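Input: a single structure, listed below in structure tokens.
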Amino acid sequence: MKGRSKHITVYICLGAALLLLFCGGLLYGAVRIPIRSVLEILAGTFEGRQTWVQIVMQSRLPQTITALFAGASLAVSGLLLQTLFKNPLAGPSILGISDGAYLGVALVMIYFSFNTYLSTILAAFVGASVVLLIIIGFSRKVRNSVMLLIIGIMVGYLASSIISILNYHASPDKVHQFVLWGMGDFTGVSMEKLPWFVVFAAGGLLGSIFLIKPLNALLLGESYAANLGVRVKRVRIAILLCTGILTAATTAFCGPISFIGLAVPHIARLLLGTSNHKQLLPITLLAGACVALLCNMLTVVPGSNSILPLNAITPIIGAPVIIYVIVNRRNIQYFN
Amino acid sequence: MALLCSCNGGSGVTAETECFKADSVYYAKGFEISRFDDWIIVNVRNPWDTLKTLRRYVLIDKNKPLPDSLPEGIIIRTPVEKAVFYTSVHASMVVQMGRIDAIKGICEIQYVTDSLILERIADGRIADIGLATAPNIEKIIELDAELIIASPYENSGYGAAEKLGIPIVEAADYMENHPLGRTEWGRFYALLFGEGARADSIFFATRDRYNHLKNLATKSEKRPRVLLERKYGASWIIPAGGSYIGTIHSDAGADYIFSDFKGSESVHQTFESVLDRAHDADLWLFKYDTKHEYTYDILKDEYQPYSNFRPFKERNIYICHTTKTTYYDDITLHPDRLLEDLISIYHPEILSGYSPRYYVKMK
Amino acid sequence: MENQITISAYGLAIGYSLRSGRRKVIHNSLDLELQSGEVTCLLGLNGAGKSTLIKTLCGLLPPLAGGVKVFGTPLGSYSHNRLSTLIGVVLTEKTYAGGITVYDLVSLGRYPHTGCFGQLKESDHEAISRAIEAVGITHKASSYVSELSDGERQKAFIAKVLAQECPIIILDEPTAFLDVISRIEIMVLLRKLAREQKKSILLSTHDLDSAIQLGDKLWLQERGAKDNRSSAPMVCGTPEDLILSGVLESFFSKKGVVFDSYSGKISPVPSENPVGVDGEARSAFWVGNALKRKGFAPTAPSKEIISVQCISSAEFVVSFPDGETLIAKSIEELLNLFTNSSS
Chain A
711 MKGRSKHITV YICLGAALLL LFCGGLLYGA VRIPIRSVLE ILAGTFEGRQ TWVQIVMQSR
771 LPQTITALFA GASLAVSGLL LQTLFKNPLA GPSILGISDG AYLGVALVMI YFSFNTYLST
831 ILAAFVGASV VLLIIIGFSR KVRNSVMLLI IGIMVGYLAS SIISILNYHA SPDKVHQFVL
891 WGMGDFTGVS MEKLPWFVVF AAGGLLGSIF LIKPLNALLL GESYAANLGV RVKRVRIAIL
951 LCTGILTAAT TAFCGPISFI GLAVPHIARL LLGTSNHKQL LPITLLAGAC VALLCNMLTV
1011 VPGSNSILPL NAITPIIGAP VIIYVIVNRR NIQYFN
Chain B
1338 MALLCSCNGG SGVTAETECF KADSVYYAKG FEISRFDDWI IVNVRNPWDT LKTLRRYVLI
1398 DKNKPLPDSL PEGIIIRTPV EKAVFYTSVH ASMVVQMGRI DAIKGICEIQ YVTDSLILER
1458 IADGRIADIG LATAPNIEKI IELDAELIIA SPYENSGYGA AEKLGIPIVE AADYMENHPL
1518 GRTEWGRFYA LLFGEGARAD SIFFATRDRY NHLKNLATKS EKRPRVLLER KYGASWIIPA
1578 GGSYIGTIHS DAGADYIFSD FKGSESVHQT FESVLDRAHD ADLWLFKYDT KHEYTYDILK
1638 DEYQPYSNFR PFKERNIYIC HTTKTTYYDD ITLHPDRLLE DLISIYHPEI LSGYSPRYYV
1698 KMK
Chain C
285 MENQITISAY GLAIGYSLRS GRRKVIHNSL DLELQSGEVT CLLGLNGAGK STLIKTLCGL
345 LPPLAGGVKV FGTPLGSYSH NRLSTLIGVV LTEKTYAGGI TVYDLVSLGR YPHTGCFGQL
405 KESDHEAISR AIEAVGITHK ASSYVSELSD GERQKAFIAK VLAQECPIII LDEPTAFLDV
465 ISRIEIMVLL RKLAREQKKS ILLSTHDLDS AIQLGDKLWL QERGAKDNRS SAPMVCGTPE
525 DLILSGVLES FFSKKGVVFD SYSGKISPVP SENPVGVDGE ARSAFWVGNA LKRKGFAPTA
585 PSKEIISVQC ISSAEFVVSF PDGETLIAKS IEELLNLFTN SSS
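Protein chains in written order, with our numbering: chain A, 711 to 1046; chain B, 1338 to 1700; chain C, 285 to 627.
Put into structure tokens, the structure is as follows:
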């Protein structure tokens, strides 16, 4: 089938890109370390500067793995929401879940003045979970998915306004810290904390794989899906839970990261051509990882002393994709 | 830079021949004082475009009648008796020159550390004006304030306060890179309250003390290599060599590792760059303001790779809590004290028996 | 094999629950039976509640009173999965399946039969191919659904329900977008399924012709009564019985419309202008059709009225009451004579 060979090509290309970008993340950074040295460090046979070993093993390696899982998590999360709400402009930030995480961190950082690692993570998780529970609660009462989307947006606005109030009254120092957290950052997860993040991300991703079948049915709308045997309310909750875990974990460990959840599902659809989640979900996962790894590398500007914030780079990749999709929507099959 | 011009004595002193003498301003780059017969002109330079003037203030004695022809600028009748301060640091400066009675209102009283001011806030003699970004205009009117002293930000106005008709002094001292430069602004503020001479003598005392300490420190042969601040998010914000922080640490006799970063703007560096360059620093100093006190465990928990730095391994980290100490007030009023603190860390042999005010050794 | 009752409803009230706790009742007490091996056509004017009835019968909407039984067991007691193997639907709702291929769409019909990842076995593939072939869109199997015409899309959804392999198939206006030929194709296909595989098929339609010709039973749904008072019940029966008993006629006797139980057609109310038509049967029939369109009422010829004698399909003799006769060589000419004489 000609479709299948196209799919295989996409898999192979993305897989290769992923491998390349992962290596890139280990080889490229603000400090110039020769390729050979990096390889020796990874193999454990390096005899040179200890700082290089520390840089590769304690900074670049966890950073790259974090970026991989964060990108995959956000992208899959976005895909789940776009299918559930039948809205191609839905993303993890739209339901207010990342705003909830943001609010949690704001409260702890600014109001309570706590800044330990654990407190930030917990705050983000709790904040995201609270919003998620609110959304799930509403989803039992609200039949229409569009209504749920609007509720999510409003909850997000509410969280944002509380954050504004906190910012307003906070000292410049605290605001600065908070703003820096809001820039998004893959470097904050050290090797010893990494397993926690990976567990949550992998859990969410695994859960989403089990949702492939009902997601496809949901493309037909909730009536058809119900007729095919889908327990629509339960599936909705399952989707929200998966999305919630993925978004909460990523926001907790990396801060809020924009655009990946929104744009990568579109990139995947454009590459594949089909909206069939059997291929779309894994490709979205891979593409999300690739985009995040790329953005992570782009934060370090070669030759400059300075670095760029992550959330300044993700729109550079994400926005053109969205604009392209909107402008060309007549010719794009999944829009019609 | 003192210029003297002879005044025509006797008859024939016309309006055109005004006598002026420029005051020497030693460290501050942001303002100039020029004295005339009937007024004092203070030019505050634009800190973001140093060729331009941000404001010109014309200080005229209250007891003298207003001259017929006034120069351009914001007219302030001195000495000011009722002033409102957007920042507590400036209020502290005024307390230092003995004019606490002129302080009628302060913004953001939660940052006030001066006990005398706190006392007056408690019994209502000094009012709380609210947020510096959104001060309580009605209160300012109610206090019948003659003057507002505020910190300027680039391209931002003062909102409704501008329409009050009360002169606003744009206190750009925080943009000064030299520690003494910030302190020197007190001489300008003092003129507003008629305490010019007193402020001058306080300033000179501080300057002399500072320079004395600096000489002691720079005489010492060894200069410990010093790492500053921490990683926030993805970047380690490194103060530049020419900034306030860079200057004061160098003056304390340290070899600040990133002093080659020119200018005064901080640079965002990756963790790996800092690790590569500064992993074998002798000492590490940073500031924090969380409720809990930092320890080696907490620091390591925050980001495990911090433990690779030599100061971490050898337990040579010093920390300063910015709100529990009078750090922010003192960097403007008493840079010599901060210098002393730093010298006690970098060259402990110079100051024996000194107990640190700001930086303590981390546990 | 004897036909069995597949879906039955007694005392069924259909409608919606509104937010304020009130209910909008569309129909109050319906007794319905659907039989296997038959095609049942649901007819009713717009707003009569056909879609509501369909959704209630297939379990998508809860009944307001009474119950629905499937194979004798209450609908609610079936598990979701079991029910999806019993009833398959084709609806008029908007879907977002534009981005998948026709094959993928039809393969969704196998959902109740596949495992938790939706893996398709050989038997599934066969069912899908059969379904696609049955509706006649094999040449479009690899196209994206968004690339199909409205008619092809409709067929694809019908193929999906065929792939679902349920004994009961319920369709909401399945022939709405289809051209004349496709319409007949689908109706013939549905007939075949009913006859050969003993499926029970219920479809709502506006296509009276096909319903009368190919439907085994008709359900006539009256518009629901206002204010929740009891409404006229639905009438069910074979098309011919309903026609001959005059039920169909009275069902359609709204203003300006009449059902002609001779021709089986609905037409505007005929005028009072009689014109006699006689002669060769087939031509006479079509002359009558043309005259009706022009506002005349064809009837038996007589000397008092204008009459048309059809000699052949190309020769018509028009006799006027005053004795004049004219000859027309075509219906168009004939009609021109009429309009000229009346002006």
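Idealized CB from N, CA, C, for every residue including glycine. Quick caveat, the model's predicted, so the values are computed rather than measured.
Report task. Could you spell out the range, first to last residue, of the alpha helix (DSSP H) harbouring B/Pro1516? Result -> For B/Pro1516, the enclosing alpha helix (DSSP H) begins and ends at Pro1516 to Leu1529.
**Report entry** Selection of the segment 945-956 of chain A by Cβ proximity to chain C, strictly under 9 Å
**Finding:** Those would be none; no residue qualifies.
Query - Close-in-space but distant-in-sequence residues of the same chain around C/Phe441 (CB under 6 Å, 5 per side omitted) - result: Non-local C-beta neighbours of C/Phe441 in its own chain, meaning closer than 6 Å and more than five positions away in sequence, comprise Val374, ordered along the chain.
Query raised in the report: Should C/Glu608 go down as buried or exposed, given a rule of 16 or more other Cβ atoms within 10 Å for buried?
Result: Answer is exposed; the Cβ neighbour count stays below 16.
Query raised in the report: Quick one: what's got a C-beta closer than 8 Å to C/Arg618's C-beta in the same chain, skipping five residues either side?
Result: Before going further, note that residue 618 of chain C is Leu rather than Arg in the sequence given. Here the set comprises Val571, Ala574, Val592, Phe600, Val602 and Ala612.
Query raised in the report: Which residues of chain A have a Cβ atom closer than 8 Å to the Cβ of B/Val1604, listed in chain order?
Result: Ordered by position in chain A, the residues that pass the 8 Å Cβ test against B/Val1604 are Asn1015 and Ser1016.
Query raised in the report: If you draw a straight line from the C-alpha of A/Ile1017 to the C-alpha of A/Thr1009, how long is it?
Result: Answer to the nearest angstrom: the Cα atoms are 6 Å apart.
**Report entry** chain A contacts from the segment 1559-1571 of chain B (Cβ-Cβ distance under 9 Å)
**Finding:** The segment 1559-1571 of chain B vs chain A, Cβ under 9 Å: Lys1568, Tyr1569, Gly1570 and Ala1571.
Query raised in the report: Along chain B, in chain order, which residues have C-beta atoms closer than 9 Å to that of A/Ser769?
Result: Chain-order list of chain B residues neighbouring A/Ser769: Thr1607, Phe1608, Glu1609, Leu1612 and Pro1642, by C-beta distance under 9 Å.
Requested in this report: May I ask which residues mark the beginning and end of the alpha helix (DSSP H) holding B/His1427?
Outcome: Ser1425 to Gln1433 is the span of the alpha helix (DSSP H), which, as asked, contains B/His1427.
Query raised in the report: Is B/Asp1545 helix, strand or coil by DSSP?
Result: Helix.
Query raised in the report: At least one CB of chain C closer than 7 Å to the CB of A/Arg941: is that the case?
Result: Chain C, which has a Cβ nearer than 7 Å to the Cβ of A/Arg941, makes this yes.
Report task. Reducing DSSP to helix, strand and coil, say where B/Ala1487 ends up. Result -> Three-state DSSP puts B/Ala1487 in a strand.
**Report entry** Contact belief for A/Thr960 with A/Ala816 at Cβ below 8 Å, rounded distance in angstroms
**Finding:** Actually they do not touch by this definition, with Cβ atoms about 17 Å apart.
Report task. Give, in chain order, every residue of the segment 913-940 of chain A whose Cβ lies closer than 7 Å to some Cβ of chain C. Result -> If you check each beta-carbon in the segment 913-940 of chain A against every beta-carbon of chain C, the ones closer than 7 Å belong to Phe920, Ile922, Lys923, Asn926, Ala927, Leu929, Leu930, Gly931, Ser933, Tyr934, Ala936, Asn937, Leu938 and Gly939.
**Report entry** Rounded separation between A/Leu972 and A/Ile1032 - CA only
**Finding:** Answer to the nearest angstrom: the Cα atoms are 8 Å apart.
Query raised in the report: Under a Cβ-count criterion, where at least 16 other Cβ atoms within 10 Å of its own Cβ denotes burial, should B/Glu1499 be classed as buried or exposed?
Result: Exposed: under 16 other Cβ atoms inside 10 Å.
Query raised in the report: Hey, is A/Glu750's beta-carbon within less than 7 Å of any beta-carbon in chain B?
Result: Closer than 7 Å: no.
Query raised in the report: How about A/Ala1029: is its C-beta nearer than 7 Å to some C-beta of chain C?
Result: Not an interface residue.
Query raised in the report: Which residues in chain C sit within 8 Å of A/Asn683, going by Cβ to Cβ distance?
Result: Absent from the model: residue 683 of chain A. The displayed extent of chain A is 711 to 1046, so no value can be given.
Query raised in the report: Should the segment 806-813 of chain A be called in touch with the segment 824-839 of chain A, which here means at least 3 C-beta pairs below 8 Å?
Result: Because the criterion of three Cβ pairs below 8 Å is met, the segment 806-813 of chain A and the segment 824-839 of chain A touch.
Requested in this report: Identify the continuous beta strand (DSSP E) that holds B/Arg1507 and give its terminal residues.
Outcome: Here residue 1507 of chain B turns out to be Glu, not Arg, going by the sequence shown. Membership of B/Glu1507 in the beta strand (DSSP E) is indicated by the continuous run Ile1505 to Glu1507.
**Report entry** Members of the segment 480-492 of chain C near chain A, C-beta cut-off 9 Å
**Finding:** None of the residues of the segment 480-492 of chain C has a beta carbon lying less than 9 Å from any beta carbon of chain A.
**Report entry** C-alpha gap between C/Ala478 and C/Ile485, whole angstroms
**Finding:** In this structure, the CA atom of C/Ala478 is about 7 Å from the CA atom of C/Ile485.
Query raised in the report: Is B/Glu1639 close to chain A, meaning its C-beta is less than 7 Å from at least one C-beta of that chain?
Result: By this cut-off, B/Glu1639 is an interface position.
Query raised in the report: When the Cα atoms are used, what is the spatial distance from C/Pro451 to C/His409?
Result: A straight-line Cα-Cα distance of about 19 Å links C/Pro451 and C/His409.
Query raised in the report: Residues of chain A with CB under 8 Å from C/Pro346, in chain order?
Result: Within chain A, no C-beta atom comes nearer than 8 Å to that of C/Pro346; the closest sits roughly 12 Å away.
Query raised in the report: Going along chain C, which residues have a C-beta under 9 Å from A/Arg979?
Result: The answer, in chain order, is Gly383.
Query - C/Leu404 to A/Ser874 span [Cα, whole Å] - result: Answer to the nearest angstrom: the Cα atoms are 52 Å apart.
Requested in this report: Answer with buried or exposed for C/Asp511, where buried requires no fewer than 16 other C-beta atoms within 10 angstroms of its C-beta.
Outcome: Caution is warranted here: a pLDDT of 48 is assigned to C/Asp511, below 50, making its placement in the model unreliable, and the coordinate value is therefore given only provisionally. C/Asp511 is exposed by the Cβ-count criterion.
Query raised in the report: Among the residues of its own chain, which have a CB less than 8 Å from the CB of A/Met1007, if the five just before and after it don't count?
Result: Setting aside the 5 residues that flank it on each side, A/Met1007 is surrounded in the same chain by Leu731, Gly734, Gly735 and Tyr738, each with a C-beta closer than 8 Å to its C-beta; the list follows chain order.
Requested in this report: Using the Cα positions of A/Ala948 and A/Val942, report the straight-line distance between them to the nearest angstrom.
Outcome: For the pair A/Ala948 and A/Val942, the Cα-to-Cα distance works out to about 10 Å.
Query raised in the report: Among the residues of its own chain, which have a CB less than 6 Å from the CB of A/Ala800, if the five just before and after it don't count?
Result: So the qualifying residues of the chain are Leu791 and Gln792.
Query raised in the report: Quick one: does A/Trp891 have its CB under 7 Å from some CB of chain B?
Result: Output row for A/Trp891: interface = yes.
Query raised in the report: Using a C-beta to C-beta distance shorter than 7 Å, which residues of chain B count as neighbours of A/Met1007?
Result: Residues of chain B passing the Cβ test: none, with the nearest at roughly 12 Å.
Report task. Reducing DSSP to helix, strand and coil, say where C/Lys549 ends up. Result -> Of the three classes helix, strand and coil, the one that applies to C/Lys549 here is strand, per DSSP.
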